[in-house]
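Numbering (the working numbering), first residue to last: 173 to 1010.
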């Protein structure tokens, strides 16, 4: 194995008892409890290299010799000619155990110290850990040569053959396809070092001395090969126990720096570790500043999974850098097949494999580095009600990040950087960050494997902002605010002005009309118009809402479409309910006590906003989204009183900025009139039984529609259509087309749009004459008042109508002076023929 027999004999005679005592004492010191605070002595790691190759100690136990040399037999103590297995000693207990070689190109150094290592943690044979474990468990000496021979189908298997086969199987399992055997008593073929393998020939000593040939070399090779094939084809075996290693750290956090009032820092880190511990084992977990071991904290571990938060307190700013080392130290008892690697680099000495159940000192560590993070906080400024400004977060703003100089090059002056705005970037950034709904985004150098250094940041254009921020440099980590130490997390707050305002307007009956007068309980149309924002295709939400006045009922008949904002030259594009928008309606009984009024919302879907964007293209300012719906005036209304109705638009743009706008407030009205039927000779005498009908001028469409019933009256130039109305101010019951005066002579005509109507008496009180012609009745905001009641006079006896006149009925109006002053009096007036002709 790279060591001469003479050297082995010399080493076996050396007595190192004093060295054992010293090592034992050092181990005991390493197990002392580490204080849970910073101290002057500092943290010291446990030395886990507590095993020695047998050459350092007296006695050559577990040496396996050639069965073909007549002068020697295997007894574990005698001299030898060929050593394939080596003894490792626990320097504390003095216990030894046999091991096999695992390396092929590294010799075994007599003076090496070894530590125990899980097979799965091997730097070169971890993938074969399960097979290596099986080879050792089913190979010699864990089973006798006789048992191994039976398992492999070899009769008369010698110890030497068992050792040779087990060693060959270990090498094959550890190195796989990189190793082949031409035969088992010749030089092994190793692809990367064919000249360094003669010392690892399974039968080297026997071949050199001629004894192998005398003992039937072919049979030896056959025996070794059969056992070898049996061993390398075993099923992998899972670990029986796990020694402390870096893999014992299940997870750990990046250290968190918290600045104290006195300028020192508190550093906390969380770790989850899993360890196996016997009753007498003792393990601790420590957190140690990587660049100053006097600042550390330790805590005891228990068998199983441990979740620990360690806090190092009162750390000076200058020391609060470089990361935190997490370490497991102590003594541990485990029983399994392990690797044993030598102290130093791998080339220092041969690595070995064997079974061990010792209590040994252990040490494992990982580094929890401070996470380098560049945070972004993107906002815009909005005036508040207190006369100041609030910062409102912006979503979806993207920043490109380039590494332009590593820290060492930058600090040494090897790299000179131009102004950030003049830096010419490569085609693709190293990373891109987009802000979230809170206006925040982050880039972790640590998690993305990026080095400390100088980074260029540029902001991308966005349709919802006026202009991106100017490019800038960020250095990570940055110098601490007090000029000492480092800041590992840096937050930048480039600000923007938002554009893309929206507006909303509301009309009634027709576009541009802010007032209308309508009949009670008659459908009329409202029109909400909202502007199209420039980034509607990427917008978050677009909601038009309307809470109707309690004197209005929502009737539906909703239509939503994209229209030209200024003219009708563009064909409207209809939006489809459920696909392009969602209609939500709260239809309450507005007349019920305590019930709220009706409400509805039109919320554009993502598809709807995309449809609008595709329709308007870049000409968004030339379009509007209009919502049409019908409503009616209900019994909550008072005649002559305005009924306002306002809509709102809530738009959240593509960067998460909210626009809340209210429309103008159009109004509707309804009116009525009161009549008093009296005797023409005695106006104190009221007349009952007079029946009246009401007519209005037919609209153009009605005049052209033959299905609409119309009448013509003398003195009126257009055809008339009958009007229905309420006969009471509370709008109770059904509408009527005729009304009859009661005993008090009163007639109520209610719930009519403002305008001019024609009153026709269809039945006179008994003994009285009909009005000979219709009379105009003007409804306005004051005509419903009792003070403005219209007196209608009927006379008894025979009366001849004026030729060609509208009639000779006489109307007197109470409160004439008041109405004249107001300029809004409802009048019934006698129309004379000459006036009509004029």
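All C-beta atoms in this analysis are idealised placements derived from N, C-alpha and C, irrespective of residue type, glycine included. Just so we're clear, the structure is a prediction, and the values are computed from it rather than from any experiment.
Cβ-Cβ separation between residue 920 and residue 844: approximately 7 Å, consistent with a contact (criterion under 8 Å).
Relative to the Cα of residue 394, the nearest Cα in the group 356, 418, 431 belongs to 356. About 34 Å separates the Cβ atoms of residue 791 and residue 727, ruling out a contact at the 8 Å cut-off. Counting along the chain, no alpha helix (DSSP H) covers residue 956, and no H or E run does either. Closest in C-alpha terms to residue 787, from the list 883, 460, 745, 477, comes 745.
In terms of CA proximity to residue 703, 784 leads the group 647, 784, 731, 687.
Per DSSP, the beta-bridge partners of residue 947 are 931. Secondary structure in the segment 869 to 903: the beta strand (DSSP E) runs of 3 residues or longer, each lying completely within the stretch, are 892 to 894 in chain order. For residue 460 and residue 303, the gap between their C-alpha atoms comes out near 38 Å. Residue 438 is bridged by DSSP to 430. In this structure, 286 is the residue among 450, 739, 286, 823 with its C-alpha nearest to the C-alpha of residue 516.
Rounded to whole angstroms, the gap between the alpha carbons of residue 742 and residue 752 is 20 Å. Counting along the chain, the unbroken alpha helix (DSSP H) around residue 344 starts and ends at 331 to 347. Note on residue 837: under 16 other CB atoms within 10 angstroms of its CB, so exposed under the neighbour-count rule. With respect to the C-alpha of residue 911, the residue from 447, 711, 867 having the closest C-alpha is 867. Closest option to residue 484, judged by alpha-carbon separation, among 440, 454, 526, 451: 440.
Counting other Cβ atoms within 10 Å of its Cβ, residue 346 reaches 16 or more and is therefore classed as buried.
Judged by DSSP secondary structure, residue 304 falls outside any beta strand (DSSP E) and instead within the alpha helix (DSSP H) spanning 301 to 310. Taking each of 491, 492, 497, 530 in turn and checking the Cα distance to residue 509, the smallest one comes out for 530. In the DSSP assignment, residue 920 is bridged to 846.
Taking every protein chain shown into account, the CB of residue 554 has fewer than 16 other CB atoms within 10 angstroms, so this residue is exposed.
The C-alpha of residue 535 is placed about 30 Å away from the C-alpha of residue 624. Taking C-beta atoms as the reference points, residue 674 and residue 457 fail to come closer than 7 Å. The beta carbons of residue 566 and residue 552 sit about 6 Å from each other, so the pair counts as a contact at 8 Å.
Of the residues assessed, residue 464 falls on the buried side of the cut-off, its CB having 16 or more other CB atoms within 10 angstroms.
Assignment of beta-bridge partners to residue 527 by DSSP yields 509. Pairing residue 487 with residue 437 gives a Cβ-Cβ distance under 7 Å. If you ignore the 5 residues before and after residue 934, its C-beta comes within less than 6 Å of the C-beta of 863, 865, all in its own chain and listed in chain order. Beta-bridge analysis with DSSP links residue 865 to 910, 932. Under the 8 Å Cβ criterion, the segment 429 to 436 does not count as touching the segment 407 to 419, having fewer than three qualifying pairs. Around the Cβ of residue 335, a 10 Å sphere holds 16 or more other Cβ atoms; the residue is buried.
Ranked by Cα distance from residue 926, the options 953, 827, 936 are led by 953. Within the same chain, 859, 966, 967, 968 come within 7 Å of residue 940 by CB-CB distance, once the 5 residues on both sides are set aside. Note on geometry: alpha-carbon atoms of residue 947 and residue 759 lie some 41 Å from one another. Going by C-alpha positions, residue 570 is about 14 Å away from residue 546. Between residue 513 and residue 289, the C-beta gap is smaller than 7 Å, which places the two residues in contact.
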